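**Student:** Protein chains in written order, with this note's numbering: chain B, 1 to 315; chain V, 1001 to 1393; chain R, 2001 to 2088. Provided herewith is a single structure, encoded as structure tokens, for subsequent inquiry.
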Amino acid sequence: MYEPIKGLKELPTDEPLAPGHRLCAGCGAPIALRQILLAAPKDTVLANATGCMEVSTVIYPYSAWNRPWVHSAFENTAAVASGIESGFKALARRGEGKEHPVIAIGGDGGTYDIGFQALSGALERGHRFLYVCYDNEAYMNTGIQRSGGTPLGAWTTTTQVGPAEFGKRENKKDLMGIVVAHRVPYAATAAISHWRDLMIKVRKALAQDGPTFLHVLAPCTRGWRFEMAKTVKMAKLAVDTRFFPLYEVENGVYKITVPVPNPRPAEEYLKAQGRYAHLLQPQWAKQLETVKKEVDANYKRLERLAQFTSPIPAT
Amino acid sequence: MTAVEAVKTVPMLGDEAVAEAVKDCDVDVVSAYPITPQTIIVEKLSEFVASGEFKGEFIPVESEHSAMSAALGASLTGARVFTATSSQGLALMHEMLYNVSGLRLPVVMAVANRALSAPLVLNADHGDMMGSRDSGWIQFYAENVEEIYDRTIQLFRLSEDPRVLLPSAINFEGFILSHDMEGVRLLDGEQIRKFVGRPKLEQRLDPENPKSFGALASPDNYYEFKMQQVEGMKAALGVFKEVEKEFHAFSGRRYGAVDAYNTDQANRIVVINGCASGTIRAAARVLNRGGDNVGVLAVKLYRPFPTDEVVEHLRDADSVVVMDRSVSFGAPSGPLAADVKSALKSAGLDTPVMSLVYGIGGRDFSIEDGKKVFAMSKDKGAYGTTFMYGVKN
Amino acid sequence: MSRQSLSEAAVVQGGNSVEYTTTGWRVNRPVIDEAKCTNCLICWIYCPEPAIIRHENAKVTIDYDHCKGCGICEVECPLKAIKMVREP
């Protein structure tokens, strides 16, 4: 089983991520990774895809990681993690070392798009590892280009806004649905604002003997266009407006871990970010309605899934 | 009975020989994706997994790019790692080849050389490995099945040597060698295990001493990091000699970086790599019995290029024909020919060199063809061009 | 840097980025009002660097060598014990 999260004071004092990295002031990604690694065992080994988190933390000759860490390419983190897990397993079997928890880290770009195949393969093969997708909803590292994780209607540099276009035309891929279709023992969404929920999920995931997945919302002050002090607030707003529901799927059973019975109006979330400012203008009223409908429908879908998959109580 | 006398000869395919070698080399992780004509390697290894003879982890990855990525991850734990591929698979893992070499990981790979698409063809030429020849991998070419077996074993020792720490590949023609049945004098498992030992990688993923691999470099230091690989390659030439000496001590077998037939006497010499070395050597023997004076220099170690040895063997020749089993589009000559020409020129030699391309897409090359090549080599006017031998009009 | 000073294959010792200061990134700096602070550690769990130091027997302090002045701590502190002030 897993060690419950009692309180912040019980968490380790030695930092898994060292300061001195070059991530933007107020970046959501290191907040996510810090929380994850504080909840994980000290001997965790990391595989990191190319992206914000990687390129800003290991600039020769400095590294911000107080954990064994490897980066090689953009699309292969899950494959590298598979190799690490197998390497430790093989060596442990011949008495030449121990197995250690393995966490693969990829952004939305490196997970939804270019890293999709490697993720699917690793999940299907059943390696014991946790894949963390820190989602800032675009290719932020290369300058805010759209990814499969960019939400409907969002501005990015490759989904520009003008008289002809209202931002991204496509909906955000249902990454959790895809992962759950691989019949993994555990998958969950998390947000940096809800640190306890996130940490419990990390520990639950690492306790499984198989592939697990954590989809963390990591707001990006530069790409979403909001004040850098508001990063955590933005994550909370995403949860409170149902834009990013917090749920887990344990062996196919859905559970909304942070229910939002009375969501705040979607407009509150949209008007807080420059990337959505255009949606509140009259010419995009229809698209705004679609965005709101999709958010609502998605949450209701999760509620139904939770009902439908809930274990039948023993009589 | 010596180790050499104790062995038994077992008939097997080139692909099977690879699997046999891997089984006995204490490999910890194999990550591979099937592609014709390498498939028998992974199938045979899977049989060894089922029988319990292969005790490592076998990762049936979902693509070749993932095969090399998983190999990279596994190698960083300090495990001994192996993979195999061909053609499109090698091309797909191309960026990872540079990554593995750049991280100085001793991954060993077997490549059943097959021509690249488009159009699609399943048969052999060296286009696949030649397309990746600059990736920082040590590259050998084998001429027969037993050599494939022996080289695979040698590569673990060579790559893991702390003076080298570069990945290595054993190349052999798809179908022509991969599916060719020959007798292999299998070596004793215990002796092989003693020869390869266990990997002792200092730089690895270790929670007791956390390190970061795959940093962002800059124009201020990237060049110097590449120089480290250049130096590793240089060192490999010398370390290879030691490895072969050790290997010979328990197996009685040795191949060298090149195989020279009659090069000390010959007027005209053909330089070649791959299995057609045997074919052209047979043609040379026939011609010499008939009074000609030709030689064959088979290049077995291609990267690092054994420049000094190649120059020494070609120094006294009147002319050289270099045979390439791949096309380098838009280049003044084939890849091996370019290396030979460059080596000769740098040694101050003005020997006429003909670049001759053959065997593309699995086009057969026979002893008769070999005789024709030697006949062509008499024509002084034919030098200075790239001749596409065997192409239909 | 000379070739000799480079590590083999650009391997980096983990966690040494503490030696790299990002103090120059700031426009404003956080100041903790110790009287109001209850050491709840909310600022610490939300700091992206982290530039908030926990102490065995004292309340948290700011690591001004690494604080980038994002102001998340001021916004999130439940006691309103942190104020962002202009860098002197």
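Using N, Cα and C, we set each Cβ at its ideal position, and we do this for glycine too. All of these numbers come straight from a predicted model, not from anything done at the bench.
1) Smallest Cα separation from ARG76 (chain B): which of V:SER1328, V:VAL1061 and V:VAL1299?
2) By the three-class DSSP mapping on this structure, what secondary structure does ASP1339 (chain V) have?
3) So, at 7 Å on beta carbons, what are the nonlocal neighbours of GLY1361 (chain V) in its own chain, with the 5 sequence-adjacent residues on each side left out?
4) Looking at the C-beta of LEU1097 (chain V), does it have a partner C-beta in chain R at a distance below 7 Å?
5) Count the C-beta pairs between the region 73 to 91 of chain B and the region 1060 to 1078 of chain V that are closer than 8 Å, then say yes if the count reaches three, no if not.
6) According to DSSP, is HIS21 (chain B) part of a helix, a strand, or is it coil?
7) Is DSSP giving MET1001 (chain V) helix, strand or coil here?
8) Below 8 Å, can you find three or more Cβ-Cβ pairs linking the region 235 to 246 of chain B to the region 172 to 184 of chain B?
9) Any Cβ of chain B within less than 7 Å of the Cβ of ARG2054 (chain R)?
10) Run through chain V and tell me which residues come within less than 9 Å of LYS42 (chain B), C-beta to C-beta.
11) The beta strand (DSSP E) spanning TYR1149 (chain V) covers which residue range?
12) Determine the burial state of MET1227 (chain V): buried for a count of at least 16 other Cβ atoms within 10 Å of its Cβ, exposed for fewer.
13) How big is the Cα-Cα spacing for THR257 (chain B) and ALA1067 (chain V)?
14) Span of the alpha helix (DSSP H) holding ALA1249 (chain V)?
15) For ASP113 (chain B) and ALA1142 (chain V), I'd like the C-alpha separation in whole angstroms.
16) With distance defined between alpha-carbon atoms, name the residue in B:ALA154, B:LYS230 and B:ALA49 nearest to ILE103 (chain B).
17) For LEU130 (chain B), which residues does DSSP report across the bridge?
18) Please report the Cβ distance between GLN1139 (chain V) and ARG1325 (chain V), rounded to the nearest whole angstrom; I am assuming they are in contact, meaning their Cβ atoms lie under 8 Å.
19) Compute the Euclidean distance between the alpha carbons of MET1001 (chain V) and GLU2008 (chain R), then round it to the nearest angstrom.
20) Kindly say whether PRO1167 (chain V), judged by its beta-carbon, lies nearer than 7 Å to any beta-carbon of chain R.
21) Once DSSP output is grouped into helix, strand and coil, what is the label at ARG2086 (chain R)?
22) Who pairs with ALA188 (chain B) in a beta bridge, going by DSSP?
23) On a Cα-Cα basis, can you pick out the residue from R:ALA2051, R:VAL2027 and R:ASN2057 that is closest to MET2084 (chain R)?
24) In or out: GLY51 (chain B) buried (at least 16 other Cβ within 10 Å) or exposed?
25) Cβ closer than 8 Å: which chain V residues qualify as neighbours of ALA47 (chain B)?
26) Measure the alpha-carbon distance for VAL2012 (chain R) versus LYS1211 (chain V) and round it to whole angstroms.
27) Would you report the Cα separation of LEU217 (chain B) and CYS2077 (chain R), rounded to the nearest angstrom?
28) In angstroms, rounded to a whole number, what distance separates the CA positions of LEU33 (chain B) and ALA297 (chain B)?
29) Where LYS42 (chain B) and LEU130 (chain B) are concerned, what is the direct C-alpha to C-alpha distance, given to the nearest angstrom?
30) Using DSSP with H/G/I as helix, E/B as strand and the rest coil, what is HIS71 (chain B)?
31) Indicate whether at least one CB of chain V lies closer than 7 Å to the CB of VAL2018 (chain R).
32) Taking a Cβ distance cut-off of 8 Å, strictly less, list which residues of the region 2032 to 2056 of chain R are near chain V, in chain order.
33) Applying a beta-carbon distance threshold of less than 8 Å, which residues of chain B neighbour GLN2013 (chain R)?
34) Taking VAL1029 (chain V) as the query, report the chain B residues whose CB atoms sit under 8 Å from its CB, ordered along the chain.
35) Tell me the residue span of the beta strand (DSSP E) that contains LEU1177 (chain V).
36) Determine, for PRO1034 (chain V), whether the minimum Cβ-Cβ distance to residues of chain B falls below 7 Å.
**Tutor:** Checking against the coordinates, here is how it stands:
1) Arg is not the amino acid found at residue 76 (chain B); the sequence shown has Asn there. Measuring from the Cα of ASN76 (chain B), the nearest candidate turns out to be V:VAL1061.
2) helix
3) ALA1115, VAL1121, ASN1123 and ASP1125
4) no
5) yes
6) coil
7) Below a pLDDT of 50, predicted positions are generally treated as unreliable, and MET1001 (chain V), at 46, falls in that range; the measurement from the model is reported next regardless. Correct three-state label for MET1001 (chain V): coil.
8) no
9) yes
10) PRO1207
11) Taken as a continuous stretch (DSSP letters only), TYR1149 (chain V) belongs to no beta strand (DSSP E), being part of the alpha helix (DSSP H) at 1145 to 1160.
12) exposed
13) 37 Å
14) 1222 to 1251
15) 40 Å
16) B:ALA49
17) B:ILE103 and B:THR212
18) Rounded, the Cβ-Cβ distance is 14 Å, inconsistent with contact.
19) Any reading at MET1001 (chain V) must be qualified, since the residue scores a pLDDT of 46, below 50, and its modelled position is unreliable; the value itself is stated next. Rounded to the nearest angstrom, the two C-alpha atoms are 45 Å apart.
20) no
21) strand
22) B:LEU214 and B:GLU248
23) R:VAL2027
24) buried
25) GLY1073
26) 6 Å
27) 21 Å
28) 30 Å
29) 15 Å
30) strand
31) no
32) none
33) SER63
34) GLY83, SER86, GLY87 and ALA90
35) Looking at the DSSP string, LEU1177 (chain V) is not in any beta strand (DSSP E), and its letter there is neither H nor E.
36) no
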